[in-house]
Structures are given as structure tokens and as C-alpha cells.
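Written out below as C-alpha cells is the structure these notes cover.
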Amino acid sequence: MDRIPLKNPQVISRNMKGETIILDPISGRYFGLNMVGCSFWDNVDEIKTLDQIADILLAEYDVEKKQLQDDLLALVQDLAGHNLITFKV
Amino acid sequence: MRYNTGITWLYSELRFLHRISHLWQGGRSKRGEAGRSMPAEDRFILEIFSLSSNDEIAGGSLHNPETTQWERIINRIIELGIAGVMYERMAENYLTVKPPPEVTRRLKMAAHSLAMNNEFNAIEGIRVLQGLDSIGLDYILLKGFSYMEKIFGNTWARSVSDLDLLVHQADFPLIVDYLLRSGFTYTTPDGSVETIAEIVRFTEFSGEASFIKKIGVMSVNIDLHWSIDAYWEGYPIKNLFPIHEYPWWDAVQYTTLKDTAIRCLSPEMQFIHMVMHFSVHHQYQGMKWFIEICTFIEKFGHSLDWDTIDRIVAAPDCRKALGITVRMATDLIGENLLPAEGGWVRFCPRNSLLPGEYLFYQKCLTGGASSVIRRYLCLVMLPVSTREKWRMLLFILINPEAVLEWRLTGKKYSIWVQPFYLCYRAGNEFLKRIWTGILVKN
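Residue numbers (the numbering used here), protein chains in the order written: chain H, 2 to 90; chain Y, 261 to 702.
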């Protein structure tokens, strides 16, 4: 959780009525993030670690820390698996 | 805030929706799905649009289709490239007739797909426009993004398959050079044209050239025009509709696209261009352009300088085309949205049309798939004078220049072949419509 996520500079994203839609032009695939995923995506800024982002989301949503961390890791794996984010080395 | 454990979901099937929506764009229809006629769906879409324009309670006056009908309607909306605007309009609370949730979800996904495709086109398009600015080459962005944000409030109301740029003819080779250096390739029917000189020579009759740049599986398309509707070079219609002579470069304005200043036409010239593009270039076939015109009138009808439009659109045939379009729009969204003195009658007097002619133009709009038969009929009907109608008919029947497929491929045939070829095209289309109609019914 101390890693810093980076958005793939090639992907395009935009917020539409509380949902974030992400397009990877290389694969042509579209991805949708719900409000929580959208909050995560908005906080990926090349500075914050996953831990710091989790703290922000924890303050924003009514959820247990453990559950949030588990969901966040699953999301990050999903996003990384689709080449939408990488991690700062 | 409420926390949803399902933190993410994927839109893998959107790629499919995105492809379907492109089958119909720019008249590039393909066999099969696009050959199907869907007048009932088209009329229903217009009804929804009309009711949402008039702020009426729709429940009483609009029948609620069954789920299968809704699916066909939503498929048609997606194919027409208007998922964005229709999703917005159908989400309005006053529209009590609504599709089932699963159908609504499909429309929403299509709207999202369209939005991202447009986002991609806008970002890549802005790069090109900024590049042209940096080397001092002038352009005007036509259609699509040049007014979409102003009239719809977003850049995803309808699909934008390409960016149309009007450029000076003298700058044309320089801009072609810039695009080729920026990774674009020129698209020709046979792919044989490559050098700048060849491209310039090849576009002499069409006045426009298309370029494509592939990024992954996506592509951005730029259409360069050095003349508006030079496409009609050699057609009798070119003299009747002197659109290319209009003052397109006068009163050019700036608008913003994703916070970038871009050059576009003044509202009056934009309106004229939209109308002429829909009526003369596409012969009243193209729902997305019609809906755009209606929305433009909704937003700007009161502020447009109708006297300027009246002065510029001076040729009787152009006035007729404009009058018919405005009449169709006001029939849909209401006369009160058009403050022009005299309304559409100012451009096209009631007694100037043949019996049933207006109905024919309406059929062109709601007749389903783009039709070659309607296209030729429309070209014959549009001229004001009977003499010009006959001239147009003879031109279509015996002049090989009238057959676009022959013209693009440079094929030469005897004039005796032409009427038979046109009969073959018409018969082929007619049979295809009957056949696909039977398939749809079954």
C-alpha cells in the first residue's frame, strides 16, 4: 500500500454524471468506474501512495478500513492488469 | 457517503456497440444491418425528441412500446449516432414513457462509448489544430465539435466520425504536408495516391481530401475542404446551389473545445452550412444532422440574424432547400422557437412545392436506411423550376458524371448503359428492402 500509482498517459478518461469512463485507445476497450472507483482515479496524481488515497476515501465513505483496502487492492490489480495504471519505481 | 462494494465494472461489450454505431455514420452503410429500413423506429425517435423539446408531459400522447420494440428503437438510436442526446432527453423526468431498465442501461453504455470516442477525436483534433496554428496556417472547423458544446452543453450528444476543416486552397498543399508529417495517411478508394502533388491533383474535382491516423485500434479522421460542396463539380446542381460562393471566411469566430480556442463559423453561417449539408449534400437523409438543426434552432433561433441569412441565401433553389428544412424543424419543435418574420414561408412559399413534395422530403428523413433511390429523386425534385428538374433528370439518366461510383473510380461506360445501371441500383435496393423487411418481420 506504499506504492504510488501512475495513470497510463495514453488512456483518456472523463467524468460523466458521477461515473468515470476510461478509454484505452491502444486496445479500444472502455472501462467504467463507479463513484468510489472515480474517487480513487481522481486521486491518482503521481504523488499520493495507495495508503494516502485509502485514507482520503476512508474519510469520504462510510466503510471499514479493511474492506476498503481489500477493494482498493482488487481495483488496482484490475486497472494494472488492463494497463491503465502502473507504479512509480 | 454510501459505499458500494462493487468498486469497478468493465465495459468490454462497448467495443461492439461502438462498431455498430459506426456502420451508419457518414452514409458508409454496409450490407445487412444497415440495409434494413426502420421508418417506425425513426418516427418514434422524432416523437420522443419533439415531446422533450416542447416540455410536454409525454405519457398521454406517446404509446409505450413493448420491450422488443424498445430494443429496436435503442438499436436504431445507437446506429444513428445519437445515443448521447437521446439518453439525456429520455432521462428527463417529464418523459413518462421510458424503456425497461436493461434497455436503458444499453443506451447509457452506448452514450458512454460515444462520449469516449468523441473525447479521443477531440483530443487528437485539437493537436492538429494547434499544430496548424503554430505554423500560421488558417482553418475553420466545420460542423460537429465547432458548436456541439454550445448547443448540447457537451461533446458527446452525437457521434463525430471526423473533423472537417475548411482551408484556403493556396494552403492546401502545406496542410497536406503537415498532416503527412504528423502521421496521417491519405485515404483514397484504391490507395494509389501518395505524394502531395498527386493528392492535390486528385482532389481537384472533389475539393476535399480525407486523412486518417491510427492510434492502437482507434483512428482519427480529418477531412480537408478547400471548397464547400465542390463535390458537385460538373453537376447542374452546382449552379443552382452556389453554396461555394457564400462568404464562409467572413465573420469567422472563436469557440472553445476542451478549453482550447478554435476557429469556427459565425452562428448564421453555421446554420446555413448545417442546413445545406443536410438538405443538398445528404438530401434530407440523416437523423443526427436534423436533430442538430432542431437543437440549434431551439438554442439560437431567437438570436440568429435572420435578415443576414435571408440576404446570403439568395438563390431560389437554396431558399427552397432552407425553407423545407426549417419547416420540418418547426413541425417537430414548434413554430414559436423560430422568431424569423414569416417563419419558413419566408424562404419557401406554401404554393411553391408540388403536391406531395413536402411529404416526400419527410419520408427521406424517416424512411430508415440511406437510399440511393431517394437520393436521385430528391436531386430531381429540389430545383425550383420545372426546366431545371428535367435537366437534372436527364443529367442523372445519361451523364456518366452523375453516377458517383463511376466518377470516383474513373470508369467510363456508354450512355446507353446508364439508365439500365440506375434501374439495376433502384431494383436492387427495392428488393433488398423487401427482403430485409421480411427478415425483420420473421
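Positions of the beta carbon are idealized from the N, C-alpha and C atoms, including for glycine.
Distance from the CA of Y:GLY467 to the CA of Y:SER487, rounded to the nearest whole angstrom, comes to 5 angstroms. The C-beta separation of Y:ILE532 from Y:ILE569 comes to about 6 angstroms, placing the pair in contact by the 8 angstroms criterion. Annotated three-state conformation of H:MET17 is strand, per DSSP. Across the region 6-25 of chain H, CB contacts with chain Y closer than 7 angstroms involve ILE13, ARG15, MET17, ILE22 and LEU24, in sequence order along the chain. Restricted to the region 43-90 of chain H, the beta strand (DSSP E) segments that are unbroken, complete and at least 3 residues in length are 86-88, listed in chain order. Sequence-distant partners of H:ASP3 (beyond 5 residues in either direction) whose C-beta falls short of 8 angstroms from its own C-beta, in its chain, are THR50, LEU51 and ASP52. With contacts defined by Cβ atoms closer than 9 angstroms, Y:LEU434 and Y:ILE395 form a contacting pair. Here Y:ASN335 carries a helix assignment [DSSP, helix/strand/coil]. Contacts with chain H at 9 angstroms (Cβ-Cβ) do not include Y:ALA589. Counted as a single uninterrupted DSSP element, the stretch harbouring Y:SER466 is not any alpha helix (DSSP H), since DSSP gives it neither H nor E.
DSSP, read as helix, strand or coil, puts Y:VAL480 in strand. Against H:GLY29, the close residues of chain Y are ARG275, GLY476, VAL477 and MET478, in the order they occur along the chain (beta-carbon pairs closer than 7 angstroms). Put simply, of Y:ALA469, Y:MET408 and Y:PHE412 the residue whose alpha carbon is nearest the alpha carbon of Y:ASP437 is Y:ALA469.
Using a Cβ distance threshold of 9 angstroms, H:LEU34 and H:GLU47 do not count as a contacting pair. With at least 16 other beta carbons inside 10 angstroms of its own, Y:SER631 counts as buried.
Here Y:LEU614 carries a coil assignment [DSSP, helix/strand/coil]. Taking 9 angstroms as the cut-off, the beta carbon of Y:PHE501 is found no closer than this to the beta carbon of Y:VAL460. No Cβ-Cβ contact shorter than 9 angstroms links Y:CYS638 with Y:PHE655. The alpha carbon of Y:VAL357 has as its nearest neighbour, out of Y:LEU397, Y:PHE309 and Y:LEU389, the alpha carbon of Y:PHE309.
For the region 375-387 of chain Y, the set of residues with a beta-carbon nearer than 8 angstroms to any beta-carbon of chain H comprises ALA375, MET376, ASN377, GLU379, PHE380 and ILE383, in chain order.
Under the Cβ criterion of 9 angstroms, Y:SER394 is not counted among the residues facing chain H. The beta carbon of H:PHE32 is closer than 6 angstroms to those of ILE23 in its chain, skipping five residues each way along the sequence.
Annotation for Y:CYS578: PHE501 place their beta carbon closer than 6 angstroms to its own, counting only its chain and skipping 5 residues before and after. Proximity of Y:TRP676 to chain H, defined by a Cβ-Cβ separation below 9 angstroms, is not satisfied. When secondary structure is reduced to three states using DSSP, H:ILE23 falls in the strand class.
Considering only Y:ALA662, Y:LEU340, Y:LEU517 and Y:LEU613, the residue with the shortest C-alpha distance to Y:ILE305 is Y:LEU340. The beta-carbon distance between Y:ARG336 and Y:GLU301, rounded to whole angstroms, is 4 angstroms. This is short enough to meet the 8 angstroms contact definition. In this structure, Y:ASN378 sits away from Y:VAL345, with a CB-CB distance that is not shorter than 9 angstroms. Y:THR463 has its alpha-carbon roughly 12 angstroms from the corresponding atom of Y:PHE471. Taking 4 residues as the shortest admissible run, the region 366-431 of chain Y contains the following complete alpha helix (DSSP H) segments, listed from N- to C-terminal end: 408-412. For Y:LEU614, the number of other beta carbons within 10 angstroms of its own is below 16, and it is reported as exposed. A buried status is given to Y:LYS403, since no fewer than 16 other beta-carbon atoms sit within 10 Å of its beta-carbon. Residue pairing from DSSP places Y:GLN513 in a beta bridge opposite Y:CYS524. Residue environment: Y:LYS474 is assigned as exposed (fewer than 16 neighbouring CB atoms within 10 Å of its CB, all protein chains considered). Y:MET478 places its beta carbon less than 9 angstroms from that of Y:PHE380.
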